[in-house]
Each structure stands twice: as C-alpha cells, then as structure tokens.
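Same order as they appear, the protein sequences are chains Z and Y. With the numbering used here, letter number 376 in the first sequence gets 375, and the count goes up by one each step, no holes. Quick note: to get the numbering used here, add 57 to the position in the second sequence (first position is 1). Beta carbons are placed, not taken as given, at the ideal position from N, Cα and C, and that holds for glycine. First the structure, in the form of structure tokens, and then the observations on it.
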Amino acid sequence: MTLLALVDGNNFYVSVERVFNPKLIGKPVVVLSSNDGNVVARSDEAKALGVAMGEPFHELKARQKQHPIIWLSSNFTLYGDLSARMHAISASYAKAIEVYSIDEAFLDVEGGQDPVADGRALRFQTKQWCGLPVSVGIAETKTLAKVANRIAKKVPHHQGVYWLQPGPERERILETMELEDVWGIASGLGRRLQGLGIKNPKQLRDSDPLLIQRHLGVVGQRIVYELRGESCLSLDVVPHQRKTLCVSRTFGTATFHQRDLIEAVAAFTSRAAEKLRHEGLVASRIQVFMHNSRFRLAEAPIMHGGAAALPQPTSCTTELLGYATAIVRAVFREKVRYTSAGVMLLELSPANEAGQLSLTDQRDRSRDAGVMSLLDQVNARWKGALMPAAMGFDRRWTPRAENRSPRWTTSWSEIPIVK
Amino acid sequence: MRALAVSPGPSFPRPLLIAVPAGFPSPAEDFIEGQLDLNTYLVKNKIATFYVRVSGESMLPDIHPKDILVVDRSLNARDLSVVIALVDGELVCKRLRLDAGGAALVADNPSFPKPEAPTASLEIWGVVTAVIHRV
Chain Z
0 MTLLALVDGN NFYVSVERVF NPKLIGKPVV VLSSNDGNVV ARSDEAKALG VAMGEPFHEL
60 KARQKQHPII WLSSNFTLYG DLSARMHAIS ASYAKAIEVY SIDEAFLDVE GGQDPVADGR
120 ALRFQTKQWC GLPVSVGIAE TKTLAKVANR IAKKVPHHQG VYWLQPGPER ERILETMELE
180 DVWGIASGLG RRLQGLGIKN PKQLRDSDPL LIQRHLGVVG QRIVYELRGE SCLSLDVVPH
240 QRKTLCVSRT FGTATFHQRD LIEAVAAFTS RAAEKLRHEG LVASRIQVFM HNSRFRLAEA
300 PIMHGGAAAL PQPTSCTTEL LGYATAIVRA VFREKVRYTS AGVMLLELSP ANEAGQLSLT
360 DQRDRSRDAG VMSLLDQVNA RWKGALMPAA MGFDRRWTPR AENRSPRWTT SWSEIPIVK
Chain Y
58 MRALAVSPGP SFPRPLLIAV PAGFPSPAED FIEGQLDLNT YLVKNKIATF YVRVSGESML
118 PDIHPKDILV VDRSLNARDL SVVIALVDGE LVCKRLRLDA GGAALVADNP SFPKPEAPTA
178 SLEIWGVVTA VIHRV
C-alpha cells in the first residue's frame, strides 16, 4: 500500500521573511504578488484581521486605518533559496519526492516504521535548520494527504503532523469538511455536486464513480477514487518536459510608447531564451502579447499580439529578439495605455533532437550556439552582465517592488547584520 | 595531453582547439587531488548554513566589525559556543554561557557591560563555526 506525506510550508513567504527579520514575528504581515498587486501570503495575525488571499493592495491600504498591517514586496530570490533548502530536508525523509510547488512537496514514505514520528522529526529539523514551520499530512493518496495536511494545520494538538488513517475519525473529518476544501474542487464543481445532492466529501467518496464521471468527467471521478484511498495521481518524480515557456510582467508604470514596449519585450524574450537554453530546449514558434489595464473599467480591454513560426527550432536570443521586436512594431497602436506584455515560446523540443537542417537557412547556427554559450557563462558568473542592447537602460517597465527585503542569502552585500 | 591553438586562417573561421594524444604523460597525473575549496573546509552542512556580517565591537578581540560569520543552524549550542541569538527582535552575536542557573549571553570584549542574571530560556538562531576576517 502506498503512503504519501504532503509537506507544506506554513504561510511560506511570510515565514521566510521572519527568519531574517524577527521583528515581524507576532505581527500581522502580508507579502504582495509581483508588482505589488495582490496579497499572496498572510501571517496568522493578518488572517485573523480578515485579510483575504488575493486582496488587492489598495484594499489593504484602506485597512491600515483600523489596523496597521506590515506589507512586503515579494522577494523570490530569497524564497527560492529557502525553498530549495526545505525540499532538500524533506527529500532526506522520503524514498522519492515530488516538488509540487515552491512550498509544497509530496513524499513517498511507504514502509516507514512510524510515519508520524518521522513527520515530527522532519518538522523539527526544518524549523531548526531553516527556521521554517511546516505541516505534514499523511495518507494513502495525494487528495487524502491534502486533507490530512489541512487537519495538521488547523488542529493545534496534532502539532503540525497528522496521519489520516482509515477509521471513524476519517469518516467524521470527511463529513464535516466543505466540498470546496477538497483538492481539485473549485466552486463551480462544488455547486454541480450540490445539485446532485452531494453535500460533503464523504458523500462524494461514497457516490457511484460512473455517475460522477457522467456529470463531472474523469477529473471528478478521480477525486472519488482518491478519497477512497485508491491512488490515481501518482508521484511525479521526473519533471514534465514543458510544452510552452512564458515570461510576462505587469509594468511598474503604464506606457503609451512603442520604445518602452520594445525594451520590455526584448527583456522578456532574453529571459525566456535563457530559460529555454538552461532546460536544453528549442522553440519553433514565438508569440508576443501586450495588454492595457484590465482593472480600469473606463477603458475597453485590449490585447494586441502576434505570432511567428521560426524557420528552425531555436533558442538563440538574438534570433528570437528579431521576431519579437518585429511583432511589437506590427501590432503596436498609438493612444493605448499599455500596462503589461509577455513573450510565449511554443512547440518546444529538446535541442539535441532538432530536426534536419533547412537548405534555405540563412543563419550560422554553430556561431549562434557559441555566442549563446558564452553569454550564458558570463551571466552565470556576473548576473545580468551581458544583455541585448534592445533591452535599453531605462527599464521603465520594471515591476513595482517598493518594499522588498534584502537578498539575505544570495548577495554578500545584503547578508544580515548582527550586533 | 597537450592543447594546441591553431591561429585563424582562411579555412578556419574561428580558432580551434585540437587535443594531441601524444607526448609524455605528466608524472603528476596520478597525484592530482583537485583544488582546495574553502566551502568544503568551512561549511559542513550547506542546507543549514547562513552568513551574517558583524557590526559591533562586543566580540573583540576574536571577532571584528565587518567580519563575516559562518552560521550553522543544525548545531546545538553548548556552553562557550559563539552564537547568533534573538534579542528584542534583533540578531546579535554573543558567547553563550550555560550553567545550572540558566543561560546568559556574554560579550567577549571586557569593556562591554556584564550580562544580566541568567534566564531560563534564550532564542538561539544559530551557532557560529567560523569567522572570515579580511586583513
């Protein structure tokens, strides 16, 4: 029988900030999404004040009149470093690990003598080594491990670790949970289940899988089996080969100027190409899109974009830049207040499987490869030292991050100061 | 093995590196052990190791302002350990004294005030394992 543990960082971004800035401990703290848009992480104190996940920054500011809430811009360099450390500790407790997100991992813990004791040890070690509180939920399937994790977080006497074993307690938990609290059930799906007379996860589990499949498709049916303890979602130990790669940003400042858009799109293209090479892939198609503000009701929503098929699958920055900037020039319109843009690379394949050479190909591909490898080596050593001139120097598009903490763990000039 | 750089000519658009599998092998070949790496010398547990910079003079003469400290959070602090501790929401570097009366944080610098009475509990952030001091 399989046994899985879900390790989940509690209020992960806020907890990371607190490791290096202990003054935040015990206070209501939130972390905002990139460009200081919405709340993406809340301390328990902020949750208690009613701050919602996804709450826009301006609503948060309005709250400040009643309660001071500390807000921080997101610092993904820092979160990424601490996430890698946290997952490395988890991996040492597992036969296999699937890193599901920056703050969640599924562990294969089958065959352990005492899964709860191991969970407690993992939790203690992660707290001591990295300063991060985690919760551990244990069960036979991913969906049940998610339920177990929720209980581990919510019920204090479990002390952050809970094994959802078959039995009366499991029945009671599944009966008293909301449908929408089950992994994979969005509110729409929940409403349709209510329409079928299914009111809680226990009733869903005991429903006829064929009936559920008829109404909700295989996704719904899979949830039924997973709730029964029959694993349908196996551990994804090998990362999927990605099919698309997208780099997009909301600008720090809106713009009416083509030059700003070209610079922004050039920067995103450069980053996308770098990621593509890092993963050993090439793209056959490039797509560029530009939006006006989606939150200003006075303006009709606009999306300008275009795509180009590439003559040869490529990951060469300069080649991709030529297409990206040409698309911007072609689709740009005057008098539009652009607030975001993005570059999407599609039809990806491994670089070493690239198809046969085209006789009409105009580019010196081996020269491209040499230049790109040099570019990546230099930038690996001195981050951002070499960049295409098309990116410009103004960086007016740079997302807002007005209150970002230092890169405590990745920059010698920003490490914590001790007295 | 030797490497030869062939200078660019009309038939070679770029310099090429050619490995020549001839000549005498280096007598040192069997004795090469890799270069010394300060990371492996100073860092025993990468996952739990963090770096901090010193700002005050409380730990003179061993620890100077601007020194970088290697901090290992996986170690348990003992009596006389140099630790990073949490005091009033700030990270401070002090020497830990443990005895039956409790725990206290002490400055090495004799001109600093003596600590208050030992407390029952202290929040230790990590144990200092090395000092990096530029001369």
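Interface partners of residue i on chain Z, CB under 9 Å
i, result
"Y:Ser13", "Residue 13 of chain Y falls outside the range modelled here, since chain Y spans only 58 to 192, and no answer is possible."
"Y:Val149", "Val417 and Lys418"
"Y:Ser112", "Ile416, Val417 and Lys418"
Whole-angstrom distance between residue j and residue i, CA atom to CA atom
i, j, result
"Z:Ala306", "Z:Tyr337", "19 Å"
"Z:Ala299", "Z:Lys334", "13 Å"
"Z:Arg62", "Z:Leu215", "40 Å"
"Z:Arg221", "Z:Glu139", "14 Å"
"Z:Leu244", "Z:Met343", "6 Å"
"Y:Leu73", "Z:Ala388", "Residue placement at Y:Leu73 is poorly supported in this model, since its pLDDT is 47, which falls under 50; the coordinates still yield a value, given next. So the alpha carbons of these two residues sit roughly 29 Å apart."
"Z:Arg496", "Z:Gly8", "A query on residue 496 of chain Z cannot be resolved here, the shown segment of chain Z reaching from 0 to 418 and no further."
"Z:Met325", "Z:Arg394", "According to the sequence as given, residue 325 of chain Z is Ala; it is not Met. Going by the C-alpha atoms only, they are around 20 Å apart."
"Z:Val287", "Z:Ala368", "24 Å"
"Y:Ser178", "Y:Gly158", "11 Å"
"Z:Met302", "Z:His290", "5 Å"
"Z:Pro55", "Y:Pro172", "47 Å"
"Z:Ala95", "Z:Gly130", "24 Å"
"Y:Glu114", "Y:Asp94", "30 Å"
"Z:His157", "Y:Ile120", "43 Å"
"Y:Ile189", "Y:Pro122", "11 Å"
"Z:Glu225", "Z:Leu209", "14 Å"
"Y:Asn102", "Z:Trp407", "18 Å"
"Z:Ile261", "Z:Trp396", "10 Å"
"Z:Gly118", "Z:Ser91", "12 Å"
"Z:Gln257", "Z:Leu374", "27 Å"
"Z:Phe267", "Z:Arg328", "16 Å"
"Z:Ala265", "Z:Gly321", "9 Å"
"Y:Val109", "Y:Val184", "11 Å"
"Z:Arg213", "Z:Glu413", "57 Å"
"Z:Tyr161", "Y:Pro175", "37 Å"
"Z:Asp360", "Z:Glu318", "12 Å"
"Z:Gly111", "Y:Arg191", "48 Å"
For residue i, three-class secondary structure by DSSP
i, result
"Y:Pro175", "coil"
"Z:Pro55", "strand"
"Z:Phe255", "coil"
"Z:Val223", "helix"
"Z:Val18", "helix"
"Z:Tyr12", "helix"
"Z:Ala307", "strand"
"Z:Ser372", "helix"
"Y:Phe107", "strand"
"Z:Cys129", "helix"
"Z:Ser348", "strand"
"Z:Gly216", "helix"
"Y:Asp87", "helix"
"Z:Phe250", "strand"
"Z:Gly228", "coil"
"Z:Thr324", "helix"
"Z:Ala282", "strand"
"Z:Ala4", "strand"
"Y:Lys151", "strand"
"Z:Ser233", "coil"
"Z:Val264", "helix"
Contact set for residue i: own chain, Cβ-Cβ below 7 Å, skip 5 residues either direction
i, result
"Z:Asp180", "Arg149"
"Y:Ala164", "Ser115, Met116 and Lys151"
"Z:Val223", "Leu203, Arg204, Ser206, Pro208 and Ile211"
Contacts around residue i, its chain only, beta-carbon distance under 6 Å, and the 5 residues preceding and following it disregarded
i, result
"Z:Val6", "Ser89, Ala104, Val133 and Val135"
"Y:Thr106", "Val100 and Asp129"
Amino acids of chain Z, ordered along the chain, whose beta-carbon sits closer than 8 Å to that of residue i
i, result
"Y:Leu117", "Neighbours of Y:Leu117 on chain Z: none; closest Cβ ~13 Å, over 8 Å."
"Y:Leu143", "Pro21"
Interface partners of residue i on chain Y, CB under 8 Å
i, result
"Z:Arg84", "Ile104 and Ala105"
"Z:Ala147", "By Cβ distance, chain Y contributes nothing, its closest Cβ being about 26 Å from Z:Ala147, past 8 Å."
Chain-order list of residues whose beta-carbon lies under 8 Å from that of residue i (same chain, five-residue window excluded)
i, result
"Y:Arg135", "Leu153 and Leu155"
"Z:Ser314", "Ala272, Leu275, Arg276, Leu280, Val281, Ala282, Ala350 and Met371"
"Y:Pro67", "With a pLDDT of only 40 at Y:Pro67, under the threshold of 50, the placement of this residue in the model should not be trusted; the figure read from the coordinates follows. Excluding positions up to five away in sequence, the list is empty."
"Z:Asn199", "Leu173, Glu174, Thr175, Met176, Glu177 and Leu178"
"Z:Lys145", "Leu5, Gly136, Val181 and Trp182"
"Z:Arg284", "Ala306, Ala307, Ala308, Leu309, Leu344, Leu345 and Glu346"
Contact list for residue i against chain Y, beta-carbon separation under 7 Å
i, result
"Z:Thr408", "Phe107"
"Z:Lys22", "Gly146"
"Z:Ile88", "Ile104"
Item to check | Inter-stretch contact (C-beta, 8 Å, three-pair minimum) for the region 34–53 of chain Z and the region 190–210 of chain Z | outcome: Segments in contact, no.
Next on the checklist: Count Cβ pairs between the region 28–37 of chain Z and the region 98–112 of chain Z that sit closer than 8 Å; are there 3 or more?
Outcome noted: No contact exists between the region 28–37 of chain Z and the region 98–112 of chain Z.
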